[in-house]
Amino acid sequence: NAKLRTRIDAVDDKIDAINSGTDAKLDARFNAFAAKYFATYETANSKNPPPIDSSNDSNPERGLLGTTPPTLMDPSGSQHRDRAPEIIIVDKPPVLQEANKERR
Numbered sequence: 002n003a004k005l006r007t008r009i010d011a012v013d014d015k016i017d018a019i020n021s022g023t024d025a026k027l028d029a030r031f032n033a034f035a036a037k038y039f040a041t042y043e044t045a046n047s048k049n050p051p052p053i054d055s056s057n058d059s060n061p062e063r064g065l066l067g068t069t070p071p072t073l074m075d076p077s078g079s080q081h082r083d084r085a086p087e088i089i090i091v092d093k094p095p096v097l098q099e100a101n102k103e104r105r
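With the sequence shown counted from 1, adding 1 to any position gets you the working numbering.
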């Protein structure tokens, strides 16, 4: 039993070592991506900055790079921050319905 416990501990240690290395690699890849993305984003926006909407300056929910979170719009045009827009399910076009019947 002691031998088995020792082997299990050794395997656990190997798994921990692999996981910590994987985390570090993923962190490094993410940080490289984030740096490249934000450098590109800021460069693109410095040439053509988005218009500043001063009507939302009192908004406490200001987000990344001074932008406000997107507001969801429903088809009637009213704004709702607390619920998602309706999902409209569209039937398949008749051509696809015919193709499906032929396949069966």
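For glycine and all other residues, C-beta sits at the position ideal for the given N, C-alpha and C.
Just so we're clear, the structure is a prediction, and the values are computed from it rather than from any experiment.
In this model, residue 6 and residue 12 are separated by some 10 Å (Cα to Cα). CA-to-CA, the gap between residue 34 and residue 19 works out to about 22 Å. When DSSP states are grouped into helix, strand and coil, residue 2 belongs to the coil group.
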